[in-house]
Amino acid sequence: MSKMADMAQTIEDLHKAAAAINDAADWLIQQFSGENDSKQQIPKSAVKEKPTPKPPLTLEQVRAVLAEKSRAGHTAEVRELLKEYGAAKLSKIDPANYKAPMKDAEVLGDGK
Numbered sequence: 046m047s048k049m050a051d052m053a054q055t056i057e058d059l060h061k062a063a064a065a066i067n068d069a070a071d072w073l074i075q076q077f078s079g080e081n082d083s084k085q086q087i088p089k090s091a092v093k094e095k096p097t098p099k100p101p102l103t104l105e106q107v108r109a110v111l112a113e114k115s116r117a118g119h120t121a122e123v124r125e126l127l128k129e130y131g132a133a134k135l136s137k138i139d140p141a142n143y144k145a146p147m148k149d150a151e152v153l154g155d156g157k
């Protein structure tokens with residue numbers, strides 16, 4: 046894995062750990078505040094779970110889509126797309142901004 050992929054995975058793991066710590070803290074507050082004694086227990090099925098956010102796109106994911114489009118004969122369009130985002134190479138684009146070029150790349154060649 047590249048350094049960026051490792052960093053993205055570490056960030057995702059930290060988010061999960063923070064959520065787990067927050068859940069544990071909420072449980073402890075509930076257990077020791079006496080709220081359980083005076084309130085009726087809410088079934089877990091009634092509690093809405095927070096949707097898990099999508100993990101950020103990695104360089105490898107975006108590169109795979111761009112490579113596929115390039116192999117399909119859209120090399121010039123792929124290069125133009127990168128230029129639109131101010132880079133000659135994908136690695137020069139900020140990983141936080143991968144969503145937009147990925148979306149644009151997915152529609153390359155659809156109009157043929």
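Letter by letter, the sequence shown follows residues 46 to 157 in this note's numbering.
Every residue, glycine too, gets a C-beta built ideally from N, C-alpha and C.
All values reported here derive from a predicted model rather than from experimental measurement.
| task | Please classify residue 171: does DSSP put it in a helix, a strand, or coil? | result | The requested residue 171 is not part of the displayed model; the chain covers only 46 to 157.
| Which of the three DSSP states, helix, strand or coil, is assigned to residue 94? | coil
| query | What three-state label does DSSP hand residue 201 in the structure shown? | reply | The requested residue 201 does not occur in the structure, where the chain is confined to residues 46 to 157.
| What separation, rounded to the nearest whole angstrom, lies between the Cα atoms of residue 61 and residue 71? | 15 angstroms
| Do the region 141-148 and the region 103-116 meet, that is, are 3 or more Cβ pairs less than 8 angstroms apart? | yes
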